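To start, the structure under review is shown below, and the notes come after it.
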Amino acid sequence: MENKNRNKITINIGPVHPSTHGVLKFVVEIDQDTIKKVEPEIGFVHRGVEKMAEMKYFNSFMPIADKLDYISALNWEVLYATTVENALGITVPPRAIYIRTLMCEMQRMMSHLLFLAHMGEDLGNTTLFMWGFRERELLMDLTEEVSGGRLAPMYVSIGGLYYDLPEGFSERLLSTLNIIESKVKNEYKALSYENGLFKMRMVGVGVISKEQIVKYGITGPNIRASGVKRDIRKDDPYLAYDKVDFDVMTETAGDCYARFMVRVNEILESIKIIRQIIKDIPSGEVKVKVPWIFKIPPKYTFVRQETPRGEAAMYMVTNGDQKPYRLKIRAPSFYTIQAVKELFVGSKVADLVAILGSLDPVPGEIDR
Amino acid sequence: MESSDTIKGRFPTLLSDVVSTNRNETIILLSDKTKLKTIVSEIKNHFDILFMLMVVDRPPKVFEMNYIFTSYSKNDILTLRVDIEHDDPSVDSISNLLGSADWEEREAYDMFGIDFKGHKDLRRVLLPEDWPGRPLRKDFEVTDEVRNWTGLDLKF
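As structure tokens, this is what we get:
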């Protein structure tokens, strides 16, 4: 008996560990090198965002919405602004809608490039790590040029945008897109998705089945990799997504490699969307005047949008006051991370890093 | 919306339509909280996942539970609203019907102290086990105990 149990060890991975992409903790029971049981623990960066929302004016919550998911801040800014605008019943000028779509897609590219970079880092491909950050930096510089911020831009305001695009921005953006497109199609191909060593670590590892998707409520690129064709941008269009032509990228295998490929293809799709938007962006105002402090009559407002990590939603309850009565935030990673309870079991400890990286969780939005 | 009409048709005495706010959103109201599991098993035939669970604290009388269901093939959004008493905040767990309710119910327990009967693993999810109080309740106050909480057995 004793000899048999000697191989069983319980180890803590995290909360501070390079492969957890932030502060996540897994209590893992291993038998030799095989994982037998996993218990994810979250809440290390819980900031009480939903309570803070109840204590602040509608406008003052914007910087906090910015920092929910610090990799895709603009998507969350747009989501929160849309929620308040729908509750108020105001319409945003068409130019602001187009620029919002543009910024959302730029943010999606930045998020996915960071995913590719971290995937490279996790699997020992340091060159991909450097290159991913190099291309992301080009987009970061453009975000800085537009808004003044890099990670937390604070560009979207309730009623539109704070500023219009600077002069000559679209030319600079288009030349950046050409650079990124050729890098992703050629250099990244040789280095990652056509690289035998890199593929060996990912093909067939961490397969998500359709039953698991429904069981845990997973959304976003992770389910598109398992063959579920679901994208809010296409199925329930918001912003200007019904006016642009793009495809929902899917894979069938559902393993780490499929999740990697979905994101590579989504970067190329985003480039396609941005090119169309720059072509038919209308001129005019970028904001309607909304006072800093205002009241919203009692009502329920539900808005859902597609962030780089999946379907995010906000449900706001107002009661005629200057502050929300209750704001519930649905963070897609909160559901995705539950699936590791099944995904890790039976794999090796080294594969844990690959599976977790391919799910692309962000603790900032898991913990709120 | 077709599916919500079907669900309402099955339980005409229990359910009432509150408002169809948007083109694909419906809110239905459940009058008896003990029938929650029956209704959810019917909803499960039309919707795939529990999209989110929003609890609204409306003191002094009720906690308002909003279960939002969506599916992967349709755009319909269904909100099922149940009121539970403020003095005895307990309701049946639906986590064995819909797996995505597991952590959502743990979060509602964490933030509001709602007891989900039949939940297999009901403990705090975001806050530490020994955190004092239920922070999202309206009567939560930042007391000295909360302010000086460290999680360690230290005296300052």
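Chains A and B, in that order, give the protein sequences. Here the numbering used here is used: the first residue of the first sequence is 4, the next is one more, and so on. Here the numbering used here is used: the first residue of the second sequence is 39, the next is one more, and so on. Note that CB positions come from ideal geometry on N, CA and C, so glycine has one too. No experiment lies behind these values; they were computed from the predicted model shown.
Chain A contact for residue i (CB, 8 Å cutoff)
i        : result
B/Trp187 : no
B/Gly156 : no
B/Glu143 : no
B/Pro98  : no
B/Ile115 : yes
B/Tyr147 : no
B/Val94  : yes
B/Tyr246 : Lying before the first or after the last residue shown, residue 246 of chain B is absent from chain B, which here runs from 39 to 194.
Residue from the options with nearest C-alpha to residue i
i        : options                                : result
A/Ile270 : A/Lys326, A/Lys292, A/Leu180, A/Lys246 : A/Leu180
A/Ala99  : A/Val289, A/Tyr83, A/His24             : A/Val289
A/Pro300 : A/Gly92, A/Gln110, A/Cys259, A/Val31   : A/Gly92
A/Thr255 : A/Phe64, A/Asp144, A/Lys213            : A/Lys213
B/Phe89  : A/Leu359, A/Phe305, A/Asp72, A/Thr321  : A/Phe305
A/Lys302 : A/Lys282, A/Ile296, A/Arg329, A/Gln308 : A/Arg329
A/Glu42  : A/Ile332, A/Ala342, A/Ile358           : A/Ala342
A/Val356 : A/Gly209, A/Leu176, A/Leu145, A/Lys40  : A/Gly209
A/Thr146 : A/Arg137, A/Gly135, A/Tyr158           : A/Tyr158
B/Pro98  : B/Val184, B/His84, B/Asp177, B/Thr188  : B/Asp177
B/Glu84  : B/Thr72, B/Phe107, B/Lys71             : One detail in the question is off: residue 84 of chain B reads as His in this sequence, not Glu. Closest by alpha carbon: B/Phe107.
B/Ala146 : B/Ser111, B/Val163, B/Gly137, B/Arg119 : B/Val163
A/Asp167 : A/Gln35, A/Ile358, A/Met106, A/Gly51   : A/Met106
A/Glu174 : A/Ala334, A/Arg278, A/Tyr191           : A/Arg278
A/Tyr101 : A/Asn198, A/Lys246, A/Thr321           : A/Lys246
B/Lys82  : A/Lys218, A/Ala120, A/Lys202           : A/Lys218
CA-to-CA distance, residue j to residue i, given in whole angstroms
i        : j        : result
A/Phe61  : B/Asp130 : 34 Å
B/Asp148 : A/Ile280 : 44 Å
A/Thr372 : B/Leu91  : Absent from the model: residue 372 of chain A. The displayed extent of chain A is 4 to 371, so no value can be given.
A/Ser229 : A/Gly313 : 14 Å
A/Val87  : A/Ile161 : 7 Å
A/Ile14  : B/Lys75  : 38 Å
B/Trp141 : B/Asp126 : 21 Å
A/Val187 : A/Phe118 : 13 Å
A/Ser150 : B/Leu68  : 47 Å
B/Asp121 : B/Gly171 : 22 Å
B/Thr124 : B/Val100 : A quick correction: the sequence has His, not Thr, at residue 124 of chain B. Going by the C-alpha atoms only, they are around 5 Å apart.
A/Pro240 : A/Arg153 : 27 Å
B/Val94  : B/Asn134 : 23 Å
A/Ser63  : A/Asp258 : 41 Å
A/Gly17  : A/Leu200 : 27 Å
A/Met205 : B/Trp187 : 44 Å
A/Asp234 : B/Asp114 : 14 Å
A/Ala243 : A/Arg236 : 9 Å
A/Gln110 : B/Asn104 : 31 Å
A/Leu177 : A/Pro285 : 17 Å
A/Ser114 : A/Tyr73  : 10 Å
A/Met252 : A/Thr339 : 19 Å
B/Gly137 : A/Gly171 : 50 Å
Residue i at chain B interface by Cβ criterion, 8 Å
i        : result
A/Asp238 : yes
A/Phe61  : no
A/Met203 : no
A/Met4   : Below a pLDDT of 50, predicted positions are generally treated as unreliable, and A/Met4, at 49, falls in that range; no measurement from the model is reported.
A/Pro18  : no
A/Asp370 : yes
A/Ile45  : yes
A/Arg262 : no
Beta carbon of residue i nearer than 8 Å to that of residue j
i        : j        : result
A/Val48  : A/Gly360 : no
A/Ala2   : A/Met319 : Because chain A here runs from 4 to 371, residue 2 of chain A falls outside it and cannot be looked at.
A/Val291 : A/Val81  : no
A/Val267 : A/Tyr196 : yes
A/Leu71  : A/Ile45  : no
B/Ile87  : A/Gly220 : yes
A/Leu116 : A/Leu194 : no
A/Leu77  : A/Pro21  : no
A/Glu57  : A/Trp134 : no
A/Ile332 : A/Arg307 : no
B/Val180 : B/Ile132 : no
heavy atom of the ligand GTP below 7 Å from residue i C-beta
i        : result
A/Phe249 : Ligands displayed in this structure: none; no statement on the ligand GTP is therefore possible.
Item to complete: Taking only beta carbons into account, state which residues of the segment 311-325 of chain A come closer than 7 Å to chain B, listed in chain order.
Response: Ala316, Tyr318, Val320
Fill in: Selection of the segment 61-89 of chain B by Cβ proximity to chain A, strictly under 7 Å
When C-beta distances to chain A are compared with 7 Å, the residues of the segment 61-89 of chain B below that value are Glu63, Asp86, Ile87, Leu88, Phe89, in chain order.
Worksheet item: Closer than 9 Å, Cβ to any Cβ of chain A: which residues of the segment 119-139 of chain B, in chain order?
Response: Leu136, Gly137, Ser138, Ala139
Item to complete: Pull out every residue of the segment 299-311 of chain A whose Cβ sits closer than 9 Å to any Cβ of chain B, in chain order.
Response: Lys302, Tyr303, Thr304, Phe305, Arg307
Discussion item. Residues of the segment 185-219 of chain A in Cβ contact with chain B at a cutoff of 8 Å, in chain order, please.
Written reply: Of all residues in the segment 185-219 of chain A, the ones placed with a Cβ closer than 8 Å to any Cβ belonging to chain B are Ile216, Val217, Lys218, Tyr219, in chain order.
Worksheet item: If contact means a Cβ-Cβ distance below 9 Å, which residues of the segment 158-182 of chain B contact chain A?
Response: Arg162, Val163, Leu164, Leu165, Pro166, Pro173, Leu174, Lys176, Phe178
Item to complete: Pull out every residue of the segment 126-154 of chain A whose Cβ sits closer than 8 Å to any Cβ of chain B, in chain order.
Response: none
Practice prompt. Could you list the residues in the segment 25-36 of chain A with a C-beta less than 9 Å from some C-beta on chain B, going in chain order?
Written response: none
Discussion item. Which residues of the segment 64-77 of chain A have a Cβ closer than 8 Å to any Cβ of chain B? Give them in chain order.
Written reply: none
Worksheet item: When you check each C-beta in the segment 46-57 of chain A against every C-beta of chain B, which residues fall closer than 9 Å?
Response: Gly46, His49, Gly51, Glu53, Lys54, Glu57
Fill in: Residues of the segment 336-355 of chain A whose Cβ lies closer than 8 Å to any Cβ of chain B, in chain order
Under the 8 Å Cβ criterion, the segment 336-355 of chain A contributes Phe337, Tyr338, Gln341.
Item to complete: May I ask you to list, following chain order, the residues of the segment 221-255 of chain A that have a beta carbon less than 8 Å from some beta carbon of chain B?
Response: Ile226, Val231, Arg233, Asp238, Asp239
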